[in-house]
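Beneath this line is the structure, given in structure tokens, with notes to follow.
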Ligand SMILES: [Zn+2]
């Protein structure tokens with residue numbers, strides 16, 4: 120699992136190239152993809168990521184343009200990867216799963232209740 124920071128709003132996210140679940144920013148340009156890769160735990164320490172997130176939120180973050188240029192070259196050599204990144208969808212928000220679990224519990228309780236009534240009625 121890759122920890123990364125959104126290059127637009129500074130939110131923490133999982134995966135350097137996934138769309139941001141806070142601001143919805145999607146990576147379209149190769150330059151943005153390279154910047155996003157530079158802001159992942161592959162290339163940054165956890166402290167570095169935290170500092171970058173703070174600076175992006177404050178609007179003072181400066182990317183290391185040399186590092187970004189190197190990553191851009193790699194990406195330009197791999198158009199298939201670039202295409203895949205462009206088509207990435209945002210992961211479902213965690214409360215989606217929670218809601219599903221709650222719904223399952225409610226359905227189970229209702230089934231048990233119906234079964235009890237049925238048993239009483241039979242006797
Ligand atoms: Zn964002």
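Residue numbers (this note's numbering): 120 to 242.
Even glycine gets a Cβ: it sits at the ideal position worked out from N, Cα and C.
Anyone know if the C-beta pair for residue 153 and residue 191 falls short of 7 Å? yes
Beta carbon nearer than 6 Å to a non-hydrogen atom of ligand 1: 125, 127, 128, 130, 139, 141, 142 and 144
When the cut-off is 7 Å and only beta carbons count, does residue 232 lie next to chain B? Annotation note: the requested chain B is absent from the structure, which comprises a single protein chain.
Pull up the DSSP beta-bridge partners for residue 124, would you. 131
To the nearest angstrom, how far is it from the Cα of residue 137 to the Cα of residue 207? 6 Å
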